[in-house]
Amino acid sequence: MLDTIIELRDVVSKQQNTIQELHHQLQEYQRQMECALANTKAQLSEELRQARDQIDVLIRNPVFTASSQPSARASYAEVARTPPSSQPSGVRTLSSSNTTPSSFTDTLFCTIDTSRVEENEKNKVQVADVRKAIEAEVRTLENMGDWRCAAVVKEARNPDRVKVVCRDENETRIVKDAAQKITVPGVRVLRDQLYPVRIDNANRTAVLDAEGNVLPGAMEALGTENDVNIAKIVWLSRKDTGKAYGSMVVYVTEGSEARRLLDGRYFHLAGESAYTTVFAPREGPTQCYRCQEIGHKAFACKKPQRCGRCAEQGHHHKTCQSVTLKILQLNVRKRREVQQSLLNDEGLKDFAVLAISEPYARLIEGSVTAVPMSHHNWTKLIPTTRREATWPIRSMLWVRSDIEVEQIPVPSADLTAARIRLPDRAVLTVSVFRNGTGTRTDIILAGDFNRHGQLWGGDDVSPRRQGEGDRIINLMDEHSLCSLLPRGTKTWQSGDIESTIDLVPASAELADQLLRCTIHSCDHGSDHRAIETAFDTTVEDRPSETRFLFKNAPWTEIRTRVAAHLERIPWDGNVQQQTDRLMAAVTEGGLTP
1166 MLDTIIELRD
1176 VVSKQQNTIQ
1186 ELHHQLQEYQ
1196 RQMECALANT
1206 KAQLSEELRQ
1216 ARDQIDVLIR
1226 NPVFTASSQP
1236 SARASYAEVA
1246 RTPPSSQPSG
1256 VRTLSSSNTT
1266 PSSFTDTLFC
1276 TIDTSRVEEN
1286 EKNKVQVADV
1296 RKAIEAEVRT
1306 LENMGDWRCA
1316 AVVKEARNPD
1326 RVKVVCRDEN
1336 ETRIVKDAAQ
1346 KITVPGVRVL
1356 RDQLYPVRID
1366 NANRTAVLDA
1376 EGNVLPGAME
1386 ALGTENDVNI
1396 AKIVWLSRKD
1406 TGKAYGSMVV
1416 YVTEGSEARR
1426 LLDGRYFHLA
1436 GESAYTTVFA
1446 PREGPTQCYR
1456 CQEIGHKAFA
1466 CKKPQRCGRC
1476 AEQGHHHKTC
1486 QSVTLKILQL
1496 NVRKRREVQQ
1506 SLLNDEGLKD
1516 FAVLAISEPY
1526 ARLIEGSVTA
1536 VPMSHHNWTK
1546 LIPTTRREAT
1556 WPIRSMLWVR
1566 SDIEVEQIPV
1576 PSADLTAARI
1586 RLPDRAVLTV
1596 SVFRNGTGTR
1606 TDIILAGDFN
1616 RHGQLWGGDD
1626 VSPRRQGEGD
1636 RIINLMDEHS
1646 LCSLLPRGTK
1656 TWQSGDIEST
1666 IDLVPASAEL
1676 ADQLLRCTIH
1686 SCDHGSDHRA
1696 IETAFDTTVE
1706 DRPSETRFLF
1716 KNAPWTEIRT
1726 RVAAHLERIP
1736 WDGNVQQQTD
1746 RLMAAVTEGG
1756 LTP
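In terms of my numbering, the sequence shown opens at residue 1166 and continues consecutively.
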């Protein structure tokens, strides 16, 4: 019995030791769990704080969420069809409605440009490196030991720019000061962001001078009158018109000022008020106006200057002396509406010559009558010989009215020839319907030849039509003429049938200076296609005429002065004398200050 009791006591003692060990282990596990829970709680608190900061930034600046979404890469044609954008960098935009979004005045950022950093230094200006450099610099300031950037993002359309989002204006100034101390060569801190506001029905004389430039001191005066700080003014309406009112956009430096202008709906100009609306700039491909390429802007371009007019290097388009000689030819099929559409096309007003085949011209009472009888932009030339028929002529020329031209008599109603006098040469231009001749000196034959040939029609010419153009080929060979239109270009179409019967032969010397000879974009409803030809030669620039603002004339005073002059003059004499006196009275009354 005693042995049994001793064994039981040993068992109880071992169990007590085991229980005590388990108790110690349980306490250790409990302590570890408490530590892990504390660490997890601290980590979750930090992540929650960061999430709140990010949500706050996203709420303040919703444009980042939209720009960060991946999008399919647009083709070049899609980009080229998009209207160009004139929006400068660092400019904030508004929504399409008149009400400004809440983020308009709240979201502030500092933009850092790295496009001028050398390639071997690019790895030092990544987003993480910029954040680290700015945070390290800001933390050296008093009470900023634990400061962190609200957000640092890279522009979706310009990967060489980094935006540091700031919480308030004071933080924006601190971040800009810190960013300017980044030691990597080529890093630039861009100017302050601007806020555009569109102004409609603005008085032109309060903003622009007679040459279309912004008046000196206009920004300061208008800023004081509207209690805003204006950084830039851009006139949106055309400057070459005589309209007294137009639209412009003002760029202010504070978002609150832009909001106030939009909420007030009025902008004051020298006591007169205009309407304010949200400025919605047109977006399009980024183009460099230094090298004329797409994908970057001029301030970041290191390529040589290229003229946007003649595409030659070494000069700006404002100082370019090159003016192209452009000629358009079209068979109008004796249709009045086609001919009128051609002559009234604003896109053709700078062309030197319009060569027309089968024009709308009738024989009325023994004289050739073409439509229109005259035109303010064109000088009409018809053949010196006519047929006694309903359609007396089958070719004509319209020469730009400011170009000196001399018509050359040709004994054919199918040919209209004229010598165009340019500053450095004379060009003989002939509008042809069937056959034409010329000299070896700078000749252009443009028109409907109504002949098929493999030389200009390509390999699609049927065997039964071959040989029709032999006389034209012989003519070109005799006078050393070259066919400027690319071989196989179709110039006439009717249903599913098309052919090449409109030609542009020219002298070899002029062909060497050919810029383009191609189908024009608009045929004005004809079954023939208009052909545009341009040469690298000089044409006198069109002089600009000063237009008077007749609506601003003091008509009441003029009427009074004219009436007073008419009372003093006699009315005897013949009709011509009375007309001369009337004209003198009107002229004197209208010109008297």
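Cβ coordinates follow ideal geometry from the N, Cα and C atoms, glycine included.
Would you grab the beta carbon distance between residue i and residue j for me? Rounded to a whole angstrom, and I think it's under 8 Å.
i       : j       : result
Phe1444 : Asn1391 : Actually they are not in contact, since the Cβ atoms of Phe1444 and Asn1391 sit about 16 Å apart, beyond 8 Å.
Leu1620 : Ser1648 : 6 Å
Ala1520 : Leu1562 : 6 Å
Ala1343 : Glu1302 : 4 Å
Cys1485 : Cys1472 : 5 Å
Val1147 : Tyr1525 : No answer is possible for residue 1147: it lies beyond the span of the chain, which begins at 1166 and ends at 1758.
Val1536 : Arg1501 : 5 Å
Ser1412 : Arg1363 : 6 Å
Ile1666 : Thr1654 : The pair is not a contact, with the Cβ atoms about 11 Å apart (cut-off 8 Å).
Cys1275 : Val1354 : 7 Å
His1685 : Ile1696 : 6 Å
Ile1608 : Val1595 : 7 Å
Ala1517 : Ile1585 : 7 Å
Tyr1416 : Tyr1360 : 7 Å
Got a sec, what are the start and stop residues for the beta strand (DSSP E) residue i sits in?
i       : result
Arg1584 : 1580-1586
Lys1328 : 1326-1331
Val1318 : 1316-1319
Asp1278 : 1273-1278
Ala1611 : 1608-1613
Ala1526 : 1526-1529
Ile1339 : Element bounds for Ile1339: not the beta strand (DSSP E) but the alpha helix (DSSP H), 1334-1344.
Glu1571 : 1569-1573
Look at the alpha carbon of residue i and the alpha carbon of residue j, and state the distance between them as a whole number of angstroms.
i       : j       : result
Glu1115 : Asp1374 : Since the first and last residues shown for the chain are 1166 and 1758, residue 1115 lies out of range.
Asp1150 : Arg1296 : Since the first residue of the chain shown is 1166 and the last is 1758, residue 1150 is not available in this structure.
Ala1728 : Asp1745 : 16 Å
Ala1315 : Glu1336 : 10 Å
Val1292 : Gln1345 : 16 Å
Ile1339 : Arg1447 : 33 Å
Gly1618 : Leu1513 : 30 Å
Thr1711 : Gly1622 : 48 Å
Arg1652 : Asp1642 : 17 Å
Arg1559 : Ile1637 : 18 Å
Pro1557 : His1730 : 51 Å
Asp1365 : Ser1577 : 58 Å
Thr1264 : Ala1423 : Residue placement at Thr1264 is poorly supported in this model, since its pLDDT is 47, which falls under 50; the coordinates still yield a value, given next. Between Thr1264 and Ala1423, the C-alpha separation is close to 11 Å.
Glu1300 : Val1290 : 14 Å
Phe1713 : Lys1408 : 11 Å
Pro1670 : Pro1469 : 37 Å
Val1564 : Arg1694 : 20 Å
Val1751 : Ala1718 : 14 Å
Phe1269 : Ala1203 : Because Phe1269 carries a pLDDT of 48, less than 50, the predicted location of this residue cannot be relied on, and no value is offered for it.
Arg1174 : His1188 : 21 Å
Arg1257 : Met1748 : Confidence is the limiting factor: at Arg1257 the pLDDT is only 49, short of 50, which leaves the residue's position unreliable, though a coordinate-based value still follows. Their backbone Cα atoms lie some 58 Å apart in a straight line.
Met1309 : Gly1420 : 27 Å
Thr1555 : Ser1522 : 16 Å
Pro1628 : Gly1634 : 13 Å
Trp1543 : Ser1566 : 5 Å
Lys1491 : Thr1683 : 11 Å
Pro1574 : Ile1568 : 19 Å
Asp1624 : Ile1662 : 15 Å
Ala1207 : Lys1341 : 32 Å
Please list the terminal residues of the continuous alpha helix (DSSP H) segment that includes residue i.
i       : result
Thr1725 : 1720-1733
Gly1738 : No alpha helix (DSSP H) holds Gly1738; DSSP gives it neither H nor E.
Met1413 : Careful: Met1413 lies outside any alpha helix (DSSP H), inside the beta strand (DSSP E) at 1410-1417.
Glu1307 : Neither: Glu1307 is in no alpha helix (DSSP H) and is coded neither H nor E.
Thr1702 : Looking at the DSSP string, Thr1702 is not in any alpha helix (DSSP H), and its letter there is neither H nor E.
Thr1389 : 1383-1391
Leu1373 : It is not in any alpha helix (DSSP H) - Leu1373 carries neither H nor E in the DSSP assignment.
Leu1380 : Element bounds for Leu1380: n/a, residue is neither H nor E.
Does any residue of chain C have a CB that is nearer than 9 Å to the CB of residue i?
i       : result
Pro1381 : The chain labelled as chain C is not found in the depicted structure, where only one protein chain is given.
Sequence ranges, alpha helix (DSSP H) only - wholly within the region 1477-1509, length at least 4: 1501-1508
The region 1365-1374 touching the region 1328-1348, judged by at least three CB pairs closer than 8 Å: no
Three CB pairs or more closer than 8 Å across the region 1697-1704 and the region 1674-1681: yes
Three CB pairs or more closer than 8 Å across the region 1505-1517 and the region 1713-1724: no
Residue ranges of each beta strand (DSSP E) within the region 1395-1466, 3 or longer: 1395-1400, 1410-1417, 1431-1434, 1437-1443
Beta strand (DSSP E) runs contained entirely in the region 1638-1702, provided each spans 3 or more residues: 1646-1648, 1657-1659, 1662-1664, 1670-1672, 1679-1684, 1696-1700
Inter-stretch contact at 8 Å, needing at least 3 Cβ pairs: the region 1348-1364 / the region 1275-1285: yes
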